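Notes for the one structure printed next.
What follows is the structure, encoded as structure tokens:
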């Protein structure tokens, strides 16, 4: 049964790759999706990731509704021993499950797709990053808890491979204590 489900899932992923359009979660429900997520894994073909992938650690994302069709997305992570927060103002698009944001910091435009989620346990996120003529992909595995079932880790791996990520550029993170930013 598990092999049948895996084969069906891979068939859907490959059809999305062939068509060139990133699929989103059918009947996406933003109200169920918002809240706190852990970034369990990342995969990318971007040089900034492939050359530094060993420095990434588990971090958290807090998504909350904001005004004017936006979703405030707060990334909390440890960097160089300090706890940092970065806010990304995701803008909802006409397509449910797809967001857009521009990063002044990295001078890039980002399309973010929630490709699959069951809302209470995991989400597969596909981010297309456009910086000048360069287009790269960042795939993330979110979890509501710091650990996920092995089947979900494998689903993330298979999705990443199906979308052109190399095996050595697919990383999952060990559970760790959350950092708490100090108030300014």
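Numbering (this note's numbering), first residue to last: 9 to 192.
Just so it is clear, CB atoms sit at the ideal spot from N, CA and C, and this is done for glycine as well.
Just so we're clear, the structure is a prediction, and the values are computed from it rather than from any experiment.
Classification of residue i by the beta-carbon crowding that lies within 10 angstroms, buried from 16 upward
i: residue 30; result: buried
i: residue 59; result: exposed
i: residue 163; result: buried
i: residue 124; result: buried
Straight-line Cα distance separating residue j from residue i
i: residue 189; j: residue 84; result: 8 angstroms
i: residue 176; j: residue 109; result: 28 angstroms
i: residue 86; j: residue 36; result: 31 angstroms
i: residue 183; j: residue 62; result: 15 angstroms
i: residue 172; j: residue 53; result: 8 angstroms
i: residue 66; j: residue 48; result: 6 angstroms
i: residue 121; j: residue 129; result: 17 angstroms
i: residue 132; j: residue 149; result: 5 angstroms
i: residue 103; j: residue 42; result: 17 angstroms
Within 8 angstroms, strictly: CB atoms of residue i and residue j
i: residue 151; j: residue 32; result: no
i: residue 143; j: residue 50; result: no
i: residue 137; j: residue 116; result: yes
i: residue 100; j: residue 77; result: yes
Residue i, DSSP secondary structure in three states
i: residue 46; result: strand
i: residue 165; result: helix
i: residue 156; result: coil
i: residue 90; result: strand
i: residue 61; result: helix
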